[in-house]
Each structure stands twice: as C-alpha cells, then as structure tokens.
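Q:
In my numbering, the protein residues as written are 4 to 342.
Written out as structure tokens, the structure is:
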C-alpha cells in the first residue's frame, strides 16, 4: 500500500515536471529508493545534467559536492509547526552542500542544511530557494566571477556571506545573523533581519538595498557606517532600520530607530514570529507601496519552505489491518504549493 501511495505521488509530480529523469534519495534502507545519499546521486553515471533529485524525509550522513546541473527538492522544514504541510512532518536534513564546477543552472529547495552551503565562484545561475540553512551560506574566493546567484525565501540561521566576484540577488529571506555582500553587483531586498548582534548586521558593496527590515537588538548597528558611504556604490532606500539616521551621509528614504516589538509580532513559532504587527512602520513602506520584509515583494516568504508546485500528502488515514472483502481503505489528501 505504501508503494501504491508513492506511485500516485510520482505520477502527480511527473505531471508538473519537465525534467528528463526523476530520482529518489532516501536514507532509510527499508525504502526502495534509487540512492541513499545525495552525493551518490550526483556521482552516478545514470544521473544526467537537468535531472531532478527528490531528497526524502530523513537524516543524511554524507556531505554533497554538486558537480552537475541538478534540481534538488526536499519536503520543506518546520513541517510540524505549520498547518497542512506533510502527513509525515519530518525534513530532509543534510550537512554541508557545495555547488562546484559543472553545477551551473542548479537549484536546491526544501532542504534543511545544518552545515555550510557553499557556492563556488566557478558556477553561475544557482538558485537557493526555500531552505532552512542553519549555518553559513557562502561563496568561495576565485578570480572567476559567479553570475546570477539567487538566494530567496530561505530561513538562514547563522549568517550569509557573498564574495567579491559575484552577482547576487538576495530576496525575501529571514536571516538571524550578520550579512556581508561584497559583490560586483547585487540586490538585497525584502529581507527580514532581526537578531541580537554585537557587530554590524549588514556590510555590503555595489548593492541595491531596499524594502528590508533590519533590526539589531544588540550593541552593533543594523547597517555598518561604511555601507552608508557613497564610495561603496550602494543604494539604500525604503528600509525599516533600528539605526538612528546617519549624520555623515544622508539617506532620507528610510525609516530609522525601529524596534523589534514595534515592528513584528514576536509571537508564534519559527517564521511566524517575524510577521508584522498592525501598526508596524514596515506596512506599505516599500518602494511600490508594498510591505517591507520577507512576507511581501516579488517572492513572498512561504511558511515551511514548501517547494512550489510540488504535490505533497498533507493528510493520510491508513488502517493497520485489512480484510479480504473490503480490502484496505486508505484516505489521503494531496495538494501542491501554488506559489
């Protein structure tokens, strides 16, 4: 019966997938999957560029170095705390993941990464979307430039660093640590960054910074003074910041001296903590009248990081026994995240 349910899911997935081949990764030896670890899938001669890898619920021991164009999809995260996520609310948990040479045009979504997620500067068009990244998102130094790195709708627990040779678009993330964006060109938009930090939260160069909520409840600044310096080639507008208005450089289109309690609900679990209160200065303060922060803008943050347009069973009733006449009556409810 479990196999029949799986067939239903895979048929539904195939209907929304345009990739040549779909592969399953499951760490449970009792499950009939194609691979036990993501690294084995990447290394297999049967897996070709453009294929899709579904990393199923479980904890994976091996780190993964991605060297092919792959679409890597997990079930999401914080599945047990939000409604209608999965009937089996367990994430796919991995350690370190690196996108290396040959992984151009890859995408990763719905994975909980407990180690480092690295982007090699030899790669381009990498999309990191809707993941729970518990440590550091980083790109390594290289003389080659990494073009079009998209980091959006993630829950990033321990900071973000993008090096000098990259063009990066960092949008609609919830970030609970410091950010350094030393790009050749970049966008930092509609992010919610709130934490108790002794250093400055945002340091950047060559970056358009807009529609963000950046609040440092610690002794550091929300945005470093060097970032405000016009020589850094940044534009900073329509942000809600905990800083007092800078006196050396004038950035008039920002809301200064914001507080955590005066901006977000600070209630609920996980991502819900960062939703706006009714009187928040972030409401309607964005460049086109949208709200600042992760929940509005071009890519609104999605609770639990449910991958877009991927069917999932969110409710299942499976009896423990069956009889010869009526068989086994199974009721399941399946839906797809439509955004």
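Built from N, CA and C at the ideal position, the CB exists for glycine as well.
Let me know the alpha helix (DSSP H) ranges lying completely inside the region 166-246, each 4 residues or longer, listed in chain order.
A: Complete alpha helix (DSSP H) runs here, min 4: 228-231.
Q: Taking residue 150 as part of the alpha helix (DSSP H), name the residues at either end of that continuous run.
A: Unbroken run through residue 150 is the beta strand (DSSP E), 149-155; no alpha helix (DSSP H).
Q: Would you decide whether residue 17 is buried or exposed? Buried here means 16 or more other CB atoms lie within 10 Å of its CB.
A: With a pLDDT of 49 at residue 17, under the threshold of 50, the predicted position of this residue should be treated as unreliable, and no value is reported.
Q: Name the residue from 329, 321, 308, 326 whose alpha carbon lies nearest to the alpha carbon of residue 87.
A: Checked all of 329, 321, 308, 326; the closest Cα to residue 87 is 308.
Q: Using a threshold of 9 Å, state whether the C-beta atoms of residue 267 and residue 244 are closer than that.
A: Not a contact, by the Cβ cut-off of 9 Å.
Q: Using beta-carbon positions only, say whether residue 153 and residue 130 come within less than 9 Å of one another.
A: Yes, the pair counts as a contact, with Cβ atoms nearer than the cut-off.
Q: Secondary structure at residue 82, three-state DSSP: helix, strand or coil?
A: Coil, per DSSP.
Q: Do you know how far the Cα of residue 94 is from the Cα of residue 80?
A: Those two C-alpha atoms are separated by around 5 Å.
Q: Can you give me the Cβ contacts of residue 101 inside the same chain, cut-off strictly under 6 Å, excluding the 5 residues immediately before and after it?
A: 68, 121.
Q: According to DSSP, simplified to helix, strand and coil, what is residue 41?
A: Helix at residue 41.
Q: Should residue 343 go down as buried or exposed, given a rule of 16 or more other Cβ atoms within 10 Å for buried?
A: As displayed, the chain neither begins before 4 nor continues past 342, which places residue 343 out of reach and without an answer.
Q: Taking the Cβ atom as the reference point for each residue, do residue 52 and residue 71 lie within a distance shorter than 9 Å?
A: Cβ atoms of residue 52 and residue 71: closer than 9 Å.
Q: Grouping DSSP H, G and I as helix and E and B as strand, with all else coil, what is residue 258?
A: Correct three-state label for residue 258: strand.
Q: How is residue 326 classed by DSSP in three states: helix, strand or coil?
A: Looking at residue 326 - three-state DSSP - the assignment turns out to be strand.
Q: Go through the region 248-312 residue by residue and report every complete run of the alpha helix (DSSP H) that reaches 4 residues or more, in order.
A: DSSP runs (the alpha helix (DSSP H)) wholly in the region 248-312: none.
Q: In terms of DSSP beta bridges, what is residue 92 paired with?
A: In the DSSP output, where bridge partners are listed per residue, residue 92 has none listed.
Q: Taking the Cβ atom as the reference point for each residue, do residue 318 and residue 83 lie within a distance shorter than 9 Å?
A: Going by C-beta atoms, residue 318 is not nearer than 9 Å to residue 83.
Q: Whole angstroms are fine: how far does the CA of residue 54 sit from the CA of residue 305?
A: When rounded, the distance between both Cα atoms is 25 Å.
Q: In chain order, what residues of the same chain have a beta carbon less than 6 Å from the beta carbon of residue 272, not counting five sequence neighbours either side?
A: Correct list, in chain order: 84.
Q: Assuming residue 2 and residue 277 form a contact by the criterion Cβ under 8 Å, report the distance between their Cβ atoms to the nearest whole angstrom.
A: Shown here, the chain extends from 4 to 342; a query on residue 2 therefore has no answer.
Q: Hey, how far is the Cα of residue 169 from the Cα of residue 240?
A: Rounded to whole angstroms, residue 169 to residue 240 spans 22 Å at the Cα level.
Q: Looking only at its own chain, which residues have a Cβ that is under 8 Å from the Cβ of residue 61, when we skip the five neighbours before and after it?
A: These residues qualify, in order along the chain: 29, 30, 31, 93, 95, 96.
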